[in-house]
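Notes follow the structure.
Protein chains: 2
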Amino acid sequence: MTTKILLCDDHAVVRAGLLALLGSAPGFEVVGEAGSGEEAVALAAKLRPDVVLMDLQLGPGIDGVEATRRITAGADSPHVLVLTTYDTDADITRAIGAGATGYLLKAERPEELFSAIQDAAQGRTALSAPVASRVMAHMRGARPTLTDRELDILGQLAHGLGNREIARALFISEATVKTHLGRIYDKLGVDTRAGAVSVAKEQRLLP
Amino acid sequence: MTTKILLCDDHAVVRAGLLALLGSAPGFEVVGEAGSGEEAVALAAKLRPDVVLMDLQLGPGIDGVEATRRITAGADSPHVLVLTTYDTDADITRAIGAGATGYLLKAERPEELFSAIQDAAQGRTALSAPVASRVMAHMRGARPTLTDRELDILGQLAHGLGNREIARALFISEATVKTHLGRIYDKLGVDTRAGAVSVAKEQRLLP
DNA sequence: CCGGGGGTCAGCCGATCGGCTGATGCGCCC
DNA sequence: GGGCGCATCAGCCGATCGGCTGACCCCCGG
Chain Z
223 MTTKILLCDD
233 HAVVRAGLLA
243 LLGSAPGFEV
253 VGEAGSGEEA
263 VALAAKLRPD
273 VVLMDLQLGP
283 GIDGVEATRR
293 ITAGADSPHV
303 LVLTTYDTDA
313 DITRAIGAGA
323 TGYLLKAERP
333 EELFSAIQDA
343 AQGRTALSAP
353 VASRVMAHMR
363 GARPTLTDRE
373 LDILGQLAHG
383 LGNREIARAL
393 FISEATVKTH
403 LGRIYDKLGV
413 DTRAGAVSVA
423 KEQRLLP
Chain R
223 MTTKILLCDD
233 HAVVRAGLLA
243 LLGSAPGFEV
253 VGEAGSGEEA
263 VALAAKLRPD
273 VVLMDLQLGP
283 GIDGVEATRR
293 ITAGADSPHV
303 LVLTTYDTDA
313 DITRAIGAGA
323 TGYLLKAERP
333 EELFSAIQDA
343 AQGRTALSAP
353 VASRVMAHMR
363 GARPTLTDRE
373 LDILGQLAHG
383 LGNREIARAL
393 FISEATVKTH
403 LGRIYDKLGV
413 DTRAGAVSVA
423 KEQRLLP
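Below you can see the structure in the form of structure tokens.
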């Protein structure tokens, strides 16, 4: 009993790579390839695969999240295993909210991919380690709770200020700004200021 | 004939500094001080100053933009001269939209402040040089029009990616990413990635 | 047929960032 | 009265960023 797979990724090279990889492993059969979200939705209905390997970034048209939502909308629909490069909080929660069964990072080892596909085929959730910790964090603390001071820093950050400028604006030292920033990154699940601003705006953490 | 001034800044130290500065110059009279937006609105109505010196960042409560809106709402209302630390595009346009007569940076020389206040008292617009150039840019190019490619880069930027990662994601070189980023900064009127993300989110340039 | 806009790339350099380890002071709650 | 969360600060270091200059290619329109 082989697991029938539908690939969805806007990069032909990536699809070819996955095709070769899955073809070399027993028990898997790639029954179709989609280069866009629309195509994936159509092929999923037509080919009725066991698992859809879905990238989130799909260029023009509907994105991977929307495609996932449509694919998993019907009854007896295939399981969607998200396979993407990024593990942003927002991406993860949106994908899971859209009905994804698993969430794997492309940086994962091939063996992990194989077992994740088999898990997904049976409806079992499979998550990459970094993703799993994010999800756990969400379970524990719900949405990130920033302290007042951290929100101050975040506000200045959204103005595009540098650490030294933030320090002067808030009458504290640069070292303190960096300390706060580190904690903000931690809470928001990012590791750059741009990412922090992005998450902050999306979660409406700022006035 | 002296110019009656109302100060509005949430930092008492700043207010004291301005008070001393304006007190030392002939022709100016500080008739009141406000530490919050609400207070500024109330005092402006009560004291009827010629000019309100308004900071945009006011801590809790309504911000400087909203205070400006309310102060300039009535007939025969005082002129509001924004005096702040930052010259973000968003701040400038919001302040001007709210009815500010001038927009000065705190980094400006005191003489500039004096003449700006006198200009404002007579309804003449006074802008700091960096602010003026921003406004001009807006006049020329209307709202920033980013190319498709620039939006691609911006999208990755909002994911918090570094230049190298963006390059790999879009199959271009790091040098090209930096070139695009520079143009994006230019168009959005910022000079950091965090600022770019902030403006992008506010202008809804991203899906 | 040439100009211009858009996209691509290179190399250089100082400034900044982000991670790390470690430390102090303050208020609060059990 | 000791733990704990929060805010503050220091110094170090490699990695990254942002600005600058200069260049090539393609396509479109005058």
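Quick note, the sequences are listed as chains Z and R, same order. Quick note: our numbering has the first sequence finishing at residue 429, numbered continuously throughout. Quick note: our numbering has the second sequence finishing at residue 429, numbered continuously throughout. Ideal Cβ placement from N, Cα and C applies to all residues, glycine included. Just so it is clear, the structure is predicted and the values come from calculations on it, not from any experiment.
Beta-carbon proximity check, residue i vs residue j, cutoff 8 Å
| i | j | result |
| --- | --- | --- |
| residue 266 of chain Z | residue 228 of chain Z | yes |
| residue 300 of chain Z | residue 270 of chain Z | yes |
| residue 230 of chain R | residue 264 of chain R | no |
| residue 380 of chain Z | residue 416 of chain R | yes |
| residue 419 of chain R | residue 419 of chain Z | yes |
| residue 273 of chain Z | residue 342 of chain Z | yes |
| residue 338 of chain R | residue 324 of chain R | yes |
| residue 305 of chain R | residue 285 of chain R | no |
| residue 275 of chain R | residue 303 of chain R | yes |
| residue 184 of chain R | residue 371 of chain R | Outside the shown range of chain R (223 to 429) lies residue 184 of chain R, about which nothing can therefore be said. |
| residue 251 of chain Z | residue 225 of chain Z | yes |
| residue 428 of chain Z | residue 384 of chain Z | no |
| residue 414 of chain R | residue 382 of chain Z | yes |
| residue 328 of chain R | residue 423 of chain Z | no |
| residue 368 of chain Z | residue 406 of chain Z | yes |
Beta bridge counterpart(s) of residue i as assigned by DSSP
| i | result |
| --- | --- |
| residue 394 of chain R | Answer is none; residue 394 of chain R lacks a bridge partner. |
| residue 250 of chain R | R:225 |
| residue 273 of chain Z | Z:227, Z:301 |
| residue 256 of chain Z | Z:230 |
Endpoints, the alpha helix (DSSP H) within which residue i is located
| i | result |
| --- | --- |
| residue 289 of chain R | 286-293 |
| residue 305 of chain Z | Unbroken run through residue 305 of chain Z is the beta strand (DSSP E), 301-306; no alpha helix (DSSP H). |
| residue 235 of chain R | 234-245 |
| residue 379 of chain R | 370-380 |
| residue 490 of chain R | Residue 490 of chain R falls outside the range modelled here, since chain R spans only 223 to 429, and no answer is possible. |
| residue 335 of chain Z | 332-343 |
Boundaries (first-last residue) of the beta strand (DSSP E) holding residue i
| i | result |
| --- | --- |
| residue 324 of chain R | 324-327 |
Check whether the segment 234-248 of chain R touches the segment 397-413 of chain Z, taking contact to mean three or more Cβ pairs, one atom from each stretch, closer than 8 Å. no
- Query: Looking at chain Z, which residues of the segment 269-282 of chain R have a Cβ within less than 7 Å of any of its Cβ atoms?
  - Reply: none
**Study point:** Near-chain R residues of the segment 390-408 of chain Z - C-beta to any C-beta below 8 Å
**Key:** 391
> On the three-pair Cβ rule with 8 Å, is the segment 286-295 of chain R touching the segment 241-255 of chain R?
Replying inline: no
**Request:** Using a Cβ-Cβ cut-off of less than 7 Å, list which residues of the segment 363-382 of chain Z approach chain R; keep chain order.
**Result:** 379, 380, 381, 382
Where the segment 417-429 of chain R meets chain Z: residues whose CB sits under 7 Å from a CB there: 417, 419, 420, 423
- At a Cβ cut of 9 Å, what residues of the segment 251-269 of chain Z count as close to chain R, listed as they run along the chain? none
Along the segment 224-235 of chain Z, where does the CB come closer than 7 Å to a CB of chain R? Name the residues. none
- prompt: Along the segment 285-303 of chain R, what residues have a CB closer than 9 Å to any CB found in chain Z?
  reply: 285
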